[in-house]
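Just so we're aligned, residue 3 is where the sequence shown starts under our numbering, counting upward by one. This report concerns only the one structure given below.
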Amino acid sequence: MNITDFLTTIVTFTDDELKDIVSHFKKETLLKNQTLVRQGEVCKTLYFIEKGMGRSYYLNENGKEITQWFFGIGKFMSSVDSFFQQTPSLYYLEVLEDATLYSISKEDMDQLFAKYHKMEKMGRLVTIEMLTKMVNKLNAIQFQTAKERYDYMLTEFPDIAYQVPLGHIASYLGMTQETLSRIRKG
């Protein structure tokens, strides 16, 4: 899904508005495993995924990568708090497979929010969707069994097992790779 199609599914823009908005996005092709933001850097860019898969992760006290979130086709990818507050990111952002992304700077996004009320509405709706999914993930980790968390993840990311190493999936679900393997076999 390209950025134009995505925007028009969220809010109705005129052709002129859409042309102006899309002109602020830069289309980029990235290679698998490319890092976009490092922990401690300020995230200055918001990405929209046309093709590929991304993730955010952090390093625990033992230096092990813990996946915080996956970003699939038709979704925005960023270290959200770092991007909107311009503070150092707690997470790394990387693409997990060759990807086509549309990127926009914080300054350009702020200009579009100021210029178009519809962009503010789109931002609010996307933020609500993302917040809801984050709460659902938190609730799943707190209240669901490992199998229920795995099944829920598959509803969100049906093809993830073919796109992402199992270690990333296990850390995202808060379980060991051995537990994940048992769930997948059962």
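Just so you know, even glycine gets a beta-carbon here, dropped at the ideal spot from N, CA and C. As the structure is a prediction and not an experimental result, all values here were calculated from the model.
Proximal residues to residue i (C-beta, below 6 Å), its chain only, five neighbours per side dropped
i	result
Asn-62	Ile-68
Closest residue to residue i among the options (Cα-Cα distance)
i	options	result
Arg-57	Thr-178, Thr-181, Gln-165 and Thr-11	Gln-165
Glu-96	Thr-129, Thr-47 and Met-111	Thr-47
Lys-135	Phe-15, Tyr-60, Tyr-49 and Trp-71	Trp-71
Thr-157	His-26, Asp-110 and Lys-139	Lys-139
Simplified DSSP assignment, three categories, for residue i
i	result
Arg-57	strand
Thr-89	coil
Lys-123	helix
Inter-residue spacing [alpha-carbon to alpha-carbon] between residue i and residue j
i	j	result
Gly-169	Met-155	14 Å
Met-3	Lys-34	19 Å
Leu-127	Thr-31	27 Å
Gly-176	Phe-86	27 Å
Tyr-174	Phe-159	12 Å
Own chain partners of residue i with C-beta closer than 8 Å, once the 5 adjacent residues on each side are dropped
i	result
Glu-150	Ala-142
Val-44	Ser-84, Gln-88, Thr-89, Pro-90 and Ser-91
Gln-189	It is not possible to answer for residue 189, since the shown part of the chain is limited to 3 through 188.
Same chain, Cβ closer than 7 Å to residue i, neighbours up to 5 away in sequence not counted
i	result
Ser-107	Lys-46 and Thr-47
At which residue ranges does the stretch 64–117 contain complete alpha helix (DSSP H) runs of 4 or more residues, listed in the order of the chain?
Fully enclosed alpha helix (DSSP H) runs of no fewer than 4 residues occupy 82–87 and 108–117 of the stretch 64–117, in order along the chain.
Mind listing, in chain order, the continuous alpha helix (DSSP H) runs of no fewer than 4 residues lying wholly within the stretch 129–177?
The stretch 129–177 contains these whole alpha helix (DSSP H) runs: 148–158, 162–165 and 168–175.
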